[in-house]
Structures are given as structure tokens and as C-alpha cells.
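Visitor:
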Amino acid sequence: MHLAARARPLPVALASMLGILLWWTLVATFTYEGRWNALYCNGSAARFPAWLEEREPLYRAPSPAGYDGQWYHLLAHRPLEFRQSAQYMDWPRLRCQRLLFPLAVWLLAFGQFNLVDPAYFMLMLLSLGAGVYWTARLAELRGASVLWGLMFLLMPGPISSIDRMLLDGPLLAAAAGLFYFLETGRTRAAWTLAMLAPFFRETGLLLTAAGCAVWLLRRDARRFAAWMLAAVPFLLWMYEVRDLHGGASYAWLGWFANVARALGREAAYPYPPPWLQILQWFDRVAMAAFLCAVGAAVFLFLRRWRADGTGRTAVAWTAGLFAAAALATAHLEAVQVWDEAYGYGRVCGPMFFALFLDGLERRRLAAPLAVLGPVAARMGLHLASPAWRAARGLAGL
């Protein structure tokens, strides 16, 4: 209790950044032979341009496809040549829509090839630290300990950023900052984050929409118009990259087809019984928790969609909009949204965050943590093997 009372947001954020950096160092050293670019999860069958592989030999993951971080790493080296790099990507239009972070990395590295990777890790670290800081501030505004800011790192988005260098952590940090700035009356800073959020991931448009709803309910026409304009830069960018293939495709599957498929799915994990059955059971528990989270988010929206205070209203609308997006895609062929916890957890990460903030305010955290726990734990299992190898390495085994 004494530590919780004396804690301050900035030291909490700095401590979290130090912990993340230590984790990356241990994992890279003892799991990936000291090769930090393994953190991007480069697929064993993924193609990369010769100029990248010749100058930076990539550590290949066992998975043939790898994961999204490998494409953001590629873009970070030459963000202005995204059209030339598009041929190597799985979903070029989706990847290039999210150009802000790779471009910021390239600028931070002054365009120097050898500085891009350090700049990527530094910017990711700063983004996650900012998320912890703003979450601590939001907890403080709700009369809770700033140590609750560390909950930011247990959200699905930051877990994926720590594990695979994905952009969902920076997006959630933008959401935390947006809520904080709205609650403290710093609307220009909030508008800036609302404008930037979709460039991390297109679902950031829902954060912009939540901000628009705030000013619409307050009948502030000038600010409502300004927040509508916040979406224009990203919409123009979407138009610019419209010619790239690999955009989102949402074919009709049937009513709640994704829910039925996910609950009945038995993934073929490369483990013998009973571990195989345990993981399959864990998948179903995580999916059930996610469905409960969607229901809780709808209830939060219905209860507080006209809440007093701009920040609280934005939180409720964020929960409602992401829940609506989840329900809408439940019937569609939505790539990576409903496939596994690593998909729906990241895509709907701001919804979990909104539930957490509401629970913190009402001093009723049991339900938000109950729906978050299985999803975060299922995603966290991906960290178990690197953690075990790091522990063995430290022990000299």
C-alpha cells in the first residue's frame, strides 16, 4: 500500500520500459543467437528483397508465413518505396495503409540502414511507455493507484507488440492518450492522436468516430466538424494506395459463422496429448471470454453512451464501436479477426481497454479482468518458450 501511494506515473512508465528492454535483450540473446531481427517473426518461406537480406541477414522463424512485424520492418527501411516493396507482402494494401510507424522509424534513423532496427525498437519502447504513462494518469483521475498503469502491458495489443513488434500496442497507446487528453480538456492533443491512430491500424478510425460522437452529443458543431476532418488524411491515404492488391475482403459466410467455426475449431498444434487437448480447450475458453467481452462492451455503451465528461463518453463509444465491429465481422470472411486469440484480441484491443477503465472507475474490476484474462493468457503462451529458454540461458544450462 505504501508503494502504491508513493508511485508516480512517469517512474512507473520508465520502469515498464526498462522491463520490456530487458525482456527483449534476454530473448534475443538466449533464444535467437543474439539476432534482434528475430523479434519481427520473419517467416521461413517469406520473400524479402535482396538489398535487405544482403545487408541484414534475417533470423527465420519456424513458421513459413511469419507474422506482420516482418512487413513493417521491411517498410521501415524504405518507406518511400512502399510500392516496390509491396510485391513481397502478403496483404500489401493493408500493410502500406499502416505506414506511419515505419515512416517515423525511418525518420528517427535519419534514413540510415544500420540505424533502422535500433530506431524501431526505440520507437516501439517509447510507444509502450507512453501507453503505460497515460493509463497511469487515467487511473489517477479515477482515484486509483497509478500502478494500474502497468495493466496496459497486459492488454492484447501491447502483448503482441512486445512479442512480435506489431503496431497494435502503439494504437492502444494512442487510445489511452486520446482518452486522457479528452478528460483533461486538451482537445488539440486528443485530435492529433485521433488523426494519427488510423495510420497505426485502420480500426483507429473507430477512435476518431468515438471522438466525433462526443462533440455531436455536446452539440458542439465546430468541434464535431473538426473531428470529422481528422479522418480525412487517412481516407486520402487509403485512396492513394487503392491500386495495391491485398485489401480487406469481407465475403458473407452466414449468420455468426465465425463464432460457430471458432468454437468448433480444433487447431492441429504440434503437441502430443494431453497438451494438444489442453490448448484446444484454452482456445475455446478464450473465445468464450471474448464473446462475453463483446456483450459487456455493448452493455457499457448502452449504460454510458451519454456519460458526463468527454473522456468518459469517448470510452463508452469506443467500447460500443469495437463491439459493433466484432459483431459485424462475425458473419463475414474477415481475415485474422476471428481466427484465434492473437487475431481478435489485437483487433478489439481498445474494447478490452475501455472495459478496464470503466471497471476501474466503478471499483468493479472483476468482470473486466475475467474477460481479459483468458484472452491475454492465451496470447501470453507465445511468450512461454522464449521465457523458458532465457531462464535456461541465465542459469547456464
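Okay, so the sequence shown: first residue is 62 according to the numbering used here, each after it adds one. We put the beta carbon where it would ideally sit given N, CA and C, even for glycine. Nothing here was measured: the structure is a model prediction, and the numbers come from that model.
Sort A385, G356, A99 by Cα distance to M226 and report the nearest one.
Guide: Distances from the alpha-carbon of M226 to those of A385, G356, A99 put A99 closest.
Visitor: Using only CA atoms, which one of A89, G95, A200 lies nearest to V73?
Guide: A200
Visitor: Less than 8 Å between the beta carbons of F162 and Y128, yes or no?
Guide: no
Visitor: When you compare each of W316, L426, H306, A68 to A387 by their alpha carbons, which one comes out closest?
Guide: W316
Visitor: Would you decide whether A384 is buried or exposed? Buried here means 16 or more other CB atoms lie within 10 Å of its CB.
Guide: buried
Visitor: Please list, in chain order, all residues of the same chain as M256 whose beta carbon is under 8 Å from its beta carbon, the five residues on each side excluded.
Guide: T269, A291, A292, P294, F295
Visitor: Go through its chain and collect everything with a Cβ distance to R439's Cβ below 6 Å, but skip five positions before and after it.
Guide: F343, A347, A402
Visitor: Does the segment 368-376 touch the segment 236-244, meaning 3 or more C-beta pairs lie closer than 8 Å?
Guide: yes
Visitor: Just how far apart, CA to CA, sit D304 and F143?
Guide: 12 Å
Visitor: Output the distance between the C-alpha atoms of A235 and P334, rounded to the nearest integer angstrom.
Guide: 42 Å
Visitor: Using C-beta distances below 7 Å, list every residue in its chain close to W420, excluding the 5 sequence neighbours before and after it, in chain order.
Guide: With the sequence shown as reference, residue 420 is identified as Gly, and Trp is not the correct amino acid for it. The residues L426, A428, P429, in chain order, have a CB closer than 7 Å to that of G420 in the same chain once the five nearest residues on each side in sequence are set aside.
Visitor: Considering just the uninterrupted stretch of the alpha helix (DSSP H) at C409, what are its terminal residues?
Guide: Note, C409: premise wrong, no alpha helix (DSSP H); not H, not E.
Visitor: Which runs of the alpha helix (DSSP H) at least 4 residues long sit entirely within the segment 274-300? Give them in chain order.
Guide: 282-290
Visitor: Between the Cα of G218 and the Cα atoms of P435, F414, A445, which residue gives the shortest distance?
Guide: Per the Cα distances, F414.
Visitor: Give me the Cβ distance between T196 and A271, rounded to the nearest whole Å; I'm assuming they're in contact under 8 Å.
Guide: With a Cβ gap of about 17 Å, T196 and A271 do not count as contacting.
Visitor: Can you give me the Cβ contacts of L267 inside the same chain, cut-off strictly under 8 Å, excluding the 5 residues immediately before and after it?
Guide: Correct list, in chain order: T379, L382, F383, A386, P411.
Visitor: Jot down the residue ranges of each uninterrupted alpha helix (DSSP H) in the segment 70-103, minimum 4 residues, whole runs only, in chain order.
Guide: Restricted to the segment 70-103, the alpha helix (DSSP H) segments that are unbroken, complete and at least 4 residues in length are 70-91, listed in chain order.
Visitor: Find out if the Cβ-Cβ distance for the pair S221, A68 is shorter than 8 Å.
Guide: no
Visitor: Could you compute how far the alpha carbon of A126 sits from the alpha carbon of L340?
Guide: 21 Å
Visitor: Anyone know if the C-beta pair for Y120 and R96 falls short of 8 Å?
Guide: yes
Visitor: Hey, how far is the Cα of F360 from the Cα of A377?
Guide: Computed Cα separation, rounded: 9 Å.
Visitor: When we look at the beta-carbon of A258 and count the other beta-carbons within 10 Å, is it buried (16 or more) or exposed?
Guide: buried
Visitor: Which residue wins for smallest C-alpha separation from D178, given the options H138, R198, R156?
Guide: H138
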